[in-house]
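*Asks:*
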Amino acid sequence: MEKRAAHARAKMWLEGEGSKFENPSGSRDSNFVGGPRRPFPMNRFYVPIAPVRDETRTTIYERYMSDPKTQTPLKLAKEHKLSIARVQAILRLKALEASMRDAGKEVQEQLNEGMERMLITSSVQRMNEPLHVTPAERMKPLFQLLDEDQGVTPEDAAKLLKLEPFHAVQARLDVDAQRMFTIDPAAESRAKDVQTPPIAKDPVNASKFTFAFVDTSKPLDRPLYMRDRNGVFRKGSRYEKYRKEHPAPRFFL
Numbered sequence: 004m005e006k007r008a009a010h011a012r013a014k015m016w017l018e019g020e021g022s023k024f025e026n027p028s029g030s031r032d033s034n035f036v037g038g039p040r041r042p043f044p045m046n047r048f049y050v051p052i053a054p055v056r057d058e059t060r061t062t063i064y065e066r067y068m069s070d071p072k073t074q075t076p077l078k079l080a081k082e083h084k085l086s087i088a089r090v091q092a093i094l095r096l097k098a099l100e101a102s103m104r105d106a107g108k109e110v111q112e113q114l115n116e117g118m119e120r121m122l123i124t125s126s127v128q129r130m131n132e133p134l135h136v137t138p139a140e141r142m143k144p145l146f147q148l149l150d151e152d153q154g155v156t157p158e159d160a161a162k163l164l165k166l167e168p169f170h171a172v173q174a175r176l177d178v179d180a181q182r183m184f185t186i187d188p189a190a191e192s193r194a195k196d197v198q199t200p201p202i203a204k205d206p207v208n209a210s211k212f213t214f215a216f217v218d219t220s221k222p223l224d225r226p227l228y229m230r231d232r233n234g235v236f237r238k239g240s241r242y243e244k245y246r247k248e249h250p251a252p253r254f255f256l
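In our numbering, the protein residues as written are 4 to 256.
1. Among residues of its own chain, excluding the 5 on either side of R237, which ones have a beta-carbon nearer than 6 Å to its beta-carbon?
2. For F43, name the three-state secondary structure that DSSP assigns.
3. Give a yes or no on contact between the stretch 57 to 66 and the stretch 93 to 107, applying the rule of three or more CB pairs nearer than 8 Å.
4. Considering only the beta carbon of each residue, do L145 and L122 sit closer than 8 Å?
5. Taking the alpha helix (DSSP H) that L163 belongs to, which residues open and close that run?
6. Do you know offhand how far V110's Cα is from A88's?
7. Per DSSP, V172 is paired with what?
8. Under the three-state reduction of DSSP, which class applies to R232: helix, strand or coil?
9. From D159 to Q173, what does the alpha carbon distance come to, in whole angstroms?
10. Where does F216 land, buried or exposed, given buried means 16+ other C-beta within 10 angstroms?
11. A8: buried (16+ other C-beta within 10 angstroms of its C-beta) or exposed?
12. In whole angstroms, what is the alpha-carbon distance linking F254 and P168?
13. In terms of alpha-carbon separation, which member of A161, S22, D57 and G19 lies closest to K72?
14. If you follow the alpha helix (DSSP H) that P76 is in, where does it begin and where does it stop?
15. What residues are listed by DSSP as bridge partners for A203?
16. I'd like to check one pair, V90 with P76: are the Cβ atoms closer than 8 Å?
17. Leaving out the 5 sequence neighbours to the left and right, which residues in its chain are closer than 8 Å to K211 when beta-carbon positions are compared?
18. Helix, strand or coil for V55, going by three-state DSSP, please let me know.
19. Grab me the residues of M183's own chain with a C-beta within less than 6 Å of its C-beta, minus the 5 sequence neighbours each way, in chain order.
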């Protein structure tokens, strides 16, 4: 009886209030359960901003790739009123998308279009996010007399400030981080070869990606589980758990 009553209540909601959520109509009122711009009814204080449109993300990536030395993440962030961290994330994701296309892998463009339609990405490309002030901006002002037609590159600015160029700092940090978190090659090769026995295998769950799951219900242990590309579900090895808990930090790309 309780199950039948629950089904009846669910059907009543789907045919009534829930009917407007069946298809996105381009209005935030009909796409969020909590009302205008509020996706969670129990958390009225959470008001998310609209995601960056794919068109804008593509523009940012193309400009960066055209000249990484002048079209820096800082410059792009200022122009689009985005945080530097968001611009760096956009460049990483677009670089991953480009590598997938080069490898002949299918990119789910229709899924992206559907998500943009449901989340109502704003046509305004300036989001007014805080830029996050860099240490250089907190230094004392430096005045330099220049001719009207004289340009200043990031390398010229670095020389004036007696600092290392920004792109060189990023590359050096990446190299240092990779070296710091690299295991002995021979030991790492042996550790990679250790495979834990499968818990379950279902070809339906096969994917082109490997997924890692952490059981947060056990805070003292936090076991790691893996879903391999062939659909095998198994417990993560000690090497995989170490790599999950100690990722090599990447400053940029």
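For glycine and all other residues, C-beta sits at the position ideal for the given N, C-alpha and C. Since this is a predicted model, take the numbers as computed values, not measurements.
*Replies:* In brief:
1. As a working note, residue 237 is residue 234 in the sequence shown. T199, P201, I202 and M229.
2. Position 40 of the sequence shown, counting from 1, holds the residue named residue 43. Of the three classes helix, strand and coil, the one that applies to F43 here is coil, per DSSP.
3. yes
4. As a first step, residue 145 must be located in the sequence shown, where it is residue number 142. As a first step, residue 122 must be located in the sequence shown, where it is residue number 119. No, the pair does not count as a contact, with Cβ atoms beyond the cut-off.
5. For the purposes of this step, residue 163 is taken as residue 160 along the sequence shown, with counting starting at 1. Segment P157 to L164, the alpha helix (DSSP H) holding L163.
6. Taking the first residue of the sequence shown as position 1, residue 110 is located at position 107. Taking the first residue of the sequence shown as position 1, residue 88 is located at position 85. Cα to Cα, the separation comes out at about 24 Å.
7. Taking the sequence shown and counting its residues from 1, the one referred to as residue 172 is at position 169. Paired residues: none, contrary to the question.
8. Residue mapping note: residue 232 aligns to position 229 of the sequence shown, counting from 1. In the structure shown, R232 sits in coil (DSSP, three-state: anything other than H, G, I, E or B).
9. Sequence index remark: in the sequence shown, residue 159 carries index 156 (1-based). Sequence index remark: in the sequence shown, residue 173 carries index 170 (1-based). D159 and Q173: Cα-Cα distance of roughly 17 Å.
10. To locate residue 216, count along the sequence shown from 1; it is residue 213. Under this definition F216 is an exposed residue.
11. On the sequence shown, position 5 is the one that residue 8 refers to. Exposed is the call here.
12. Counting from 1 along the sequence shown, the entry for residue 254 is found at position 251. Counting from 1 along the sequence shown, the entry for residue 168 is found at position 165. In this predicted model, F254 has a pLDDT of only 46, less than 50, meaning its place in the structure is not dependable enough to derive any value.
13. Translated into the one-based positions of the sequence shown, residue 72 becomes position 69. Answer by Cα proximity: A161.
14. Locating residue 76 in the sequence shown gives position 73, where the first residue counts as 1. Per DSSP, P76 belongs to the alpha helix (DSSP H) from P76 to H83.
15. Here residue 203 refers to the residue found at position 200 of the sequence shown. DSSP output for A203 lists F236 as bridge partner(s).
16. If you number the sequence shown from 1, residue 76 lands on position 73. If you number the sequence shown from 1, residue 90 lands on position 87. The answer is yes: Cβ separation under 8 Å.
17. Numbered from its first residue, the sequence shown carries residue 211 at position 208. Non-local C-beta neighbours of K211 in its own chain, meaning closer than 8 Å and more than five positions away in sequence, comprise K108 and R232, ordered along the chain.
18. Here the question's residue 55 lines up with position 52 in the sequence shown. The three-state secondary structure of V55, taken from DSSP, is coil.
19. For the purposes of this step, residue 183 is identified with residue 180 of the sequence shown, where counting begins at 1. Because the pLDDT at M183 is just 47, under 50, the model does not fix this residue reliably, and the point stays unresolved.
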